[in-house]
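In the numbering used here, the protein residues as written are 2 to 200.
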Amino acid sequence: MSDDRAALAHIVESLLFLSSDPLTSAELAEATQAEEVEVVAALAALADRHARGRSGIRLRELGGGWTLTSDPASEDAARRLFSRPRLATLTPAQAETLAIVAYMQPISRPEITRIRGVNADSAAATLLDRGLIEPAGHSQFGAVLYRTTTQFLKLFGLRTLEELPDIAQWDPTPQEQADLRERLLRAGEARAGAGPAPS
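Structure representation (structure tokens):
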């Protein structure tokens, strides 16, 4: 590797270390004032340097960008060293709400409530506070729409939303999607009529 390429790889590595969010090659190119193709080459060199078995740090592509993570093999030792509680687990209501947003985004709280059959405000507020969902505009009726965030992708180890598990293992037509949404809404309304449940 030439001195210039090595220097660029060092800078890219530093930027990835400093950033709490994944960085795209375009963002890195802008920050380093290098050509994107040069940044891609630097990322390849870093991936080789931090390959499994060579380093305790791993270069991973997550959430549409690149980030540095610790080797999974060190997780138990790190937990013992720092004794810090991991991110609090999601309650069933929060997990259900997050799944609805992930698969049906952008979606409003009233729609989530209709699907769940119980008020989704508390669960959605917690997900917002944790940075797992975020506003994504407004519906035609003025309701705030929500979508998942980069933090959601990082938390679940996904590069893109396309890596979400395929729920039904089929590719629905637009009519099938509309029918499914309507069935979910009817099921949620039926649950709502069955009595209160925690949100």
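Here a beta-carbon is modelled for each residue, glycine too, at the ideal position from N, C-alpha and C.
Straight-line gap, A52 to L156 (C-alpha atoms, nearest Å): 22 Å
Start-to-end residues for the alpha helix (DSSP H) that takes in E39: Per DSSP, E39 belongs to the alpha helix (DSSP H) from E37 to R50.
A124 at chain C interface by Cβ criterion, 9 Å: The structure shown contains no chain C, having only a single protein chain.
T68 versus A74: straight-line alpha-carbon distance, rounded: 17 Å
T114, DSSP secondary structure in three states: helix
Proximal residues to P136 (C-beta, below 6 Å), its chain only, five neighbours per side dropped: V145
Under the three-state DSSP convention, the category R148 falls into: Here R148 sits in strand by DSSP.
C-alpha distance - T98 paired with T90, whole-angstrom precision: 14 Å
Residue range of the beta strand (DSSP E) that includes S71: G66 to S71
Bridge partners - H11, DSSP secondary structure assignment: Answer is none; H11 lacks a bridge partner.
Residue burial classification, G281 (beta-carbon count within 10 angstroms, cutoff 16): Look at the range of the chain in this structure, 2 to 200, and you will see that residue 281 is not part of it.
Contact check, G57 vs D72, beta carbons under 9 Å: yes
Inter-residue Cα distance where the pair is A9 and L165: Per the sequence shown, the amino acid found at residue 9 is Leu instead of Ala. Their Cα atoms are separated by approximately 34 Å.
Pair within 9 Å by beta-carbon distance, E37 and S20: It is not a contact, given that the beta carbons lie outside the stated cut-off.
9 Å Cβ cutoff met for T114 and L133: Not closer than 9 Å, so no.
E183, buried or exposed, once every other Cβ within 10 Å from all chains shown has been counted against 16: exposed
Cα-Cα separation between E190 and Y147, rounded to whole angstroms: 21 Å
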